[in-house]
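S.K.: Before I ask anything, let me first share the structure, which is written out below as structure tokens.
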Amino acid sequence: MTDLLIVYHTQSGTCARLARAAAHGAGRESGVRVRVLRACDAGVADLAAAGGLLLVAAENAGYLAGGMKEFVDRVFYPAIERGITLPCALLVSAGNDGRNAVAQLQRILSGIPLVEATEPVICRGEWDEQAGLRAGELGEAFAAGLAMGIF
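All the letters of the sequence shown, read from the start, carry residue numbers 3 to 153 under the working numbering.
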């Protein structure tokens, strides 16, 4: 049994909905326990206990939203000191493009190092059923890879 940690930051509620959809998808995979935490409640001990990390972040004015940036800044050096290396996946809610927020996350996470197991998923615009489906598919695929040991 492996643990998938889903960490999210939300202001409008969209990222919370995406995180729940990803968790629901991941929950369809046997052999994986799913934990969902807000970025402000998660820390390096949670990373150390996880077998994989899915970050659900928002783009804010073309950049990574502050709550998620604060989380990755807070765990950066402690994760390096502990030698934490995890597969990760990125899910970004974007009002515009989302690529800059993804690039910021990738740059920070590569320093820990966390290794991207999947292509980042960017959901642009307002919440809709399609965004929920994409989040669920990402959660399920990432959990399946963790369960099979391919990440």
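From the three backbone atoms N, C-alpha and C, an ideal C-beta is built for every residue, glycine too.
Which residue from A23, G53 and N62 puts its Cα closest to that of L116?
M.R.: The candidate whose alpha carbon is nearest that of L116 is G53.
S.K.: Output yes or no for whether 8 Å exceeds the beta carbon distance between W134 and R19.
M.R.: Residue identity differs from the one stated: residue 134 is Gly in this sequence, not Trp. Yes, the pair counts as a contact, with Cβ atoms nearer than the cut-off.
S.K.: May I ask you to report which of helix, strand or coil DSSP gives L107?
M.R.: Three-state DSSP puts L107 in a helix.
S.K.: Within the segment 32 to 71, note down every full alpha helix (DSSP H) run reaching 4 residues or more, in order along the chain.
M.R.: Counting only runs of 4 or more, we get 46 to 51.
S.K.: How many angstroms separate the CA atom of R30 from the CA atom of L93?
M.R.: Straight-line Cα distance between these residues: approximately 18 Å.
S.K.: Looking only at its chain, what residues have a beta carbon closer than 7 Å to the beta carbon of R126, apart from the 5 residues adjacent to it on each side?
M.R.: Within the same chain, R126 has close Cβ partners A96 and G100.
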